[in-house]
Amino acid sequence: MVGLATVFGAGGGTSSYEEIEQTDCILLWGSNAREAHPIFFHHLIKGIRNGAKMYAVDPRRTSSAKWADMWLGLEVGSDIVLANAIGREIIAAGLANREFIERATDGFAAYESHVDSYTLDYAEMITKIPAEAIREVAHAYAKAPTAQILWTLGITEHATGSDNVFSLCNLSLLTGHVGRWGSGLVPLRGQNNVQGGGDMGSLPNKLPGFADITDVQARGRFEEVWGVPVPSEPGKHLTLMFEAMEQGELEAVWVIGENPADSEADVSHARKLLSGLDTLIVSDIVMTRTVELADVVFPAAAGWAETDGTVTSSERRVQRVRKALNPPGEAVDDIEILVRMAKAMGHDWSNMDNEAWWDELRSLSPMHGGMSYDRLESSGGLQWPCPDEDHPGTIFLHARLWADPVGGPRAPFTCVDWVAPADALDDDFPLRLTTGRALDSYNTGVQSGSMNSPIRYGDTLDVSQLDADRFDVTDGERVLVSSRRGSIEMDVRIVGDMSPGLAFTTFHFPEKVDINLLTIDAWDPKSGTAEFKATAINVTKLAEV
Amino acid sequence: MDLKVGTDQATEAEIAAVETVVGAVGPAVVLQSDRVVVGGFHRSAERRHLLLPGLHALQQANGWISPGGLQHLCTELGVPPAEAYGVATFYDMLATEIAPDVVVRRCDDIGCRTQGFDKIDTTLGAAGLGGEHVEDSPCLGLCDHGGAAVVQRKGAPVEGYRVVAGANEPVIESHLASGARLLARVGKVDPSSLESYIAESGYQALNTAIEQGPDAIVASISDAGLRGRGGAAFPAGIKWRGMADQNQSRKHVVANADESEPGTFKDRVLMEHDPFALVESLTVTGFATGATDGWIYIRGEYPLAIERVRNAVVEARRSGLLGRDILGSGWDFDIEVRVGAGAYICGEETALFNSIEGFRGEPRQKPPFPTTHGLFNEPTVINNVETLFNVLDIVNYGVDHFRSIGSEASAGPRLFCLSGAVARPGVYEHPMGVTLRQVIAAAGGVAHEAQLKTILLGGAAGSFVNDSVLDLPLTFEDTRSAGVSLGSGVVMLFDETANMADIVGRITKFFSHESCGQCVPCRIGTQRQVEMVGSDEPIDRDLFDDLAAVMGDASICGLGHTAASALRSALDLELLS
């Protein structure tokens, strides 16, 4: 979100699902949406069926990439090289949208000279993608009447995650593929309400509606309604929180609906820190490894079917959810937990129902201003910004860049350079491990692990036949997988489509395969996201241990 | 694409067979390097139409479509194997379970079953096929012969066998006052020679069309009042104008040569004896309507017609009558011959499109109509073979000449397929408006001077009539007001000795077998008809009328609409009692 917010002033995907169905060119970059975002992918397939050309950029030829007209299997972590080379080629071929660049952007000259060294040949050397293929995707993207770039964690879960996003934003500025119907930049979100979480202020430096916490005027509006002072300093993002735990600055933590004891990179370290806290409170709907570590557990109601409120999808559409069932046992919904906690702290909020909380939010967050419960109900959901009750909502963002004159600040090019993944390959750790998701499972398996699936094969170590031969292992063999941080046992699966030198695993079954014992906790200083996607590993036969 | 391909291996013969179909365009997925793969939805979609040709190739090479062969084909084309299996099982001539090396498909349909199977069995025996595996087949379009069979032999193209012995030589005769029109060249030209065709005024119509321009030709077809000869009698000019007005980059003309209506064999006769005329008439149609692609879809049970039409296309292409800049007109057009695989329903125009496109031959909902959303969802004109032959005559001799034959609303000549208990079975050309009595008289009347019991008019989808309609002029308008249908020109006679319960039972079985199963009224209704006729109990007329009404109202295509027609007429005429 940091990349998009910096360039465009709002940290959200720019486009609606209906636009992917009508666009002419799709760049799916670092995303296996077919499995990780299967519902969104149905919209994408409609786009393909309607004639869109699709290019998939991914180290693996994923099930998503198999829908693409061309798959470009870049070296893990070389995204910036590829993006800069595409940018250079677009400029060199005279395909840059000069009119848009002049009217709506800043810093083009610096960008142009910055990417000059990213020649196709250089890109081929680093990314291992033939120059001709890079040229094709550059020309297809630039020439398409409308085009979108979509990405997921393959872009963001790197130490250079934010820079990766900047490098993609640059391409949209170069071609004018943003702020128009059908064109845009779309980070895909993993849950029905990831967008809503950020919108509601659960970011360390933002208040609801992305009001900046350091902005005294914005803070004032909230203080007036809330009747208490709002901290003027940004809080800590997740990675900084763990650092603060390590330094003993953070002693009490309340985890709401997260499972960091399984999901953090270098997870044994994270578990040690969570266990060492003075107080660990966890709200969750099921038993997780984090819940096991907690001092106090608040049993929460499920967001779906057991609570009343709203969720916000990746296309910024706020939708009503309704309670159909009473939660089991002592479980209550998250708002009720917060209200009781407040009461214990001396604040009585018992006169507020869920709609009253929503109306308060609307009064403070201008982009939600026009979204009454009645309108949300009758319209089937509204897309922000929707500032007043007569506003129809906003299908795509940043139309201002095409307004005459341009509304608001110009969108800046951001010069970013490639840095190799922090966990370097060498003779001891010669294989690049990257991670991803499978269709039938969800993240650490808290919500999906208890369900059976006929297409589930567990968290295997997927390698090419070439690498299986290199490490003298066979399909199905249990092996020792080691990184600079730890070792675990895994079953080998030989996969036809895997590039030599690359290994892959899902991370859905941490109780069986504790993959984050291997991953590095290097993280992106701009977003706080860890480098899950690039680990250097070695594979050895168990008998040799 | 989410292909789930199994681990069965294709044999070398199967791989070679698939290569003959896919080789020219290359596979759906190409590994350009370790890091670049070209593939995806669009490449697969572009290759989907090769599925049926690929299945034919596998069937021919191996005698059946093995899992390994199917999966190899699917990998090459990017088609999900489950879908391809669904397509393969749709067609009678494609086996998805191991089959004998030689399978004889012997016609047991209404035309042939009244004659017994002795003569065709003798013919087959003489060809060394006496002891082979025999299966019953729906009508093979050889009712003017004494029996018919097609033979599928592992490693060889489909072979056709027909009884032709002495007095059984079928008749092809024109009874037009102005001389033969549709049959003008039949028997005069060498069907394998373009030169011979041109010597008989062949390609005169295409030259005229190019000289007059597309608009004038479409106007001629409209003014001539040409109506479809496939059964539905739709005005051809409306289709042509509708397509000519479309501005897409790709447009199609299709010759519907999937002649499968029991008792119908006129298109086969035209294709076997005058194949270049079909190629020329489709070319003229393409020129007039601005088409880029022509297709001739011939039923798989017509090996001789397939061979001759394919040869005609090759010869025409070789002489620049197909391909780029035809006759200096600046217009590019080519024709591809596609072969069915045993499915009556593929004669329905939208089912035929699905079949060419590589899907199960199930009819589509209409609208939209083919002129805007036809083959590959692109503008398409589709006409029956006989309809197309009329085009040449209209262009060559003018609207007035065409209109001088037949009636005001039913202009032009018409081919009738005479079979059953008739003295001289064959194809007869008459002016529209001829009476049934005249048609039968021209064919020598009832065979062996027996007593006529009933006539099946219009084929299995038509109706039985008795001598009360013998003097009805056979025009679209007169037959419609009499409540009967000319259909595809079938006139099949039954004499007193015919076992009508058996005949009607075969018709009901035909429909239940050929129903594609897509819509419930037809799938269930055709089966209920079989049970009604097959039961010892008398048919409950109210129940049958209900069933017929449901099939007629609620089926999406003509098969369901007409499946009750023959049985209804048989009940009306009390033929079963």
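Top line first, the protein sequences correspond to chains A and B. Residue numbers for the first sequence follow my numbering, so the first one is 1 and each next one is one higher. Residue numbers for the second sequence follow my numbering, so the first one is 1001 and each next one is one higher. Just so it is clear, CB atoms sit at the ideal spot from N, CA and C, and this is done for glycine as well.
query: Within chain A, the residues that G1228/B reaches when beta carbons sit closer than 7 Å; result: Chain A residues near G1228/B: none, gap ~33 Å exceeds 7 Å.
query: Cβ-based neighbour list, L1456/B, same chain, cut-off 6 Å, excluding 5 preceding and 5 following; result: F1464, M1492
query: Check whether V178/A and Y118/A have beta carbons under 8 Å apart; result: no
query: Cutoff 8 Å: F1389/B Cβ touching any chain A Cβ; result: no
query: Cβ shell of A1554/B (< 6 Å), same chain only, five flanking positions each side left out; result: P1521
query: Residues near S232/A in its chain [Cβ-Cβ closer than 8 Å; skip 5 each side]; result: I213, T214, V216, R219
query: Exposed unless 16 or more other CB atoms sit within 10 angstroms - verdict on V545/A; result: With a pLDDT of 48 at V545/A, under the threshold of 50, the modelled position of this residue cannot be trusted; read the value that follows with caution. So V545/A counts as exposed.
query: Burial state of V1005/B (16 or more Cβ within 10 Å); result: exposed
query: Residues of the segment 56-68 of chain A with Cβ closer than 7 Å to any Cβ of chain B, in chain order; result: R61, S63, K66, W67, A68
query: Beta strand (DSSP E) runs contained entirely in the segment 304-363 of chain A, provided each spans 3 or more residues; result: 309-312, 317-321
query: S1419/B - DSSP class collapsed to helix/strand/coil; result: strand
query: Per-residue contacts from G73/A into chain B (C-beta, under 8 Å); result: D1034, R1035, V1036, V1037
query: Nearest residue (CA-CA) to L28/A, options G13/A, A36/A, A144/A, I149/A; result: I149/A
query: Spatially closest choice to G1420/B from S1066/B, T1114/B, V1102/B, by CA coordinates; result: T1114/B
query: Chain-order list of residues whose beta-carbon lies under 8 Å from that of D121/A (same chain, five-residue window excluded); result: A131
query: Own chain residues within Cβ distance below 7 Å of L1282/B, not counting five before or after; result: V1253, A1255, G1294, I1296, I1335, L1388
query: Cβ shell of Q195/A (< 7 Å), same chain only, five flanking positions each side left out; result: G12, R189, T312, S313, S314, R316
query: Close Cβ partners of V1439/B (< 8 Å) along its chain, the five nearest in sequence each way excluded; result: F1416, L1418, Y1428, H1430, L1474, V1491
query: Amino acids of chain A, ordered along the chain, whose beta-carbon sits closer than 7 Å to that of M1001/B; result: K66, W67
query: Sequence-distant residues of the same chain with beta carbon closer than 7 Å to A1236/B, five excluded per side; result: I1221, L1226, R1227, G1228, N1383, T1387
query: Beta carbon proximity, A83/A to chain B, threshold 8 Å; result: no
query: Closer than 8 Å to chain B by CB, M245/A; result: no
query: Burial state of E75/A (16 or more Cβ within 10 Å); result: buried
query: Contacting residues, own chain, Cβ-Cβ under 8 Å from Y329/A (five flanking each side not counted); result: Looking at the sequence shown, residue 329/A is not Tyr but Gly. Excluding positions up to five away in sequence, the list reads P299.
query: Opposing strand residues paired with V282/A [DSSP bridges]; result: V255/A, V297/A
query: Beta carbon of E1349/B nearer than 8 Å to that of S1488/B; result: no
query: G1141/B vs R1268/B beta-carbon contact at 8 Å; result: yes
query: Segments assigned beta strand (DSSP E), at least 3 residues, entirely inside the segment 1043-1072 of chain B; result: none
query: Interface flag, H1373/B vs chain A, CB-CB below 8 Å; result: no
query: Distance between beta carbons of L1327/B and I1210/B, contact taken as under 8 Å; result: 6 Å
query: Spatial distance of W402/A from N32/A (CA atoms); result: 32 Å
query: When E19/A, T290/A, L95/A are compared against G184/A, the one with the closest alpha-carbon; result: E19/A
query: Below-8 Å beta-carbon distance, H1072/B vs any chain A residue; result: no
query: Beta-carbon proximity check, V1036/B vs W71/A, cutoff 8 Å; result: yes
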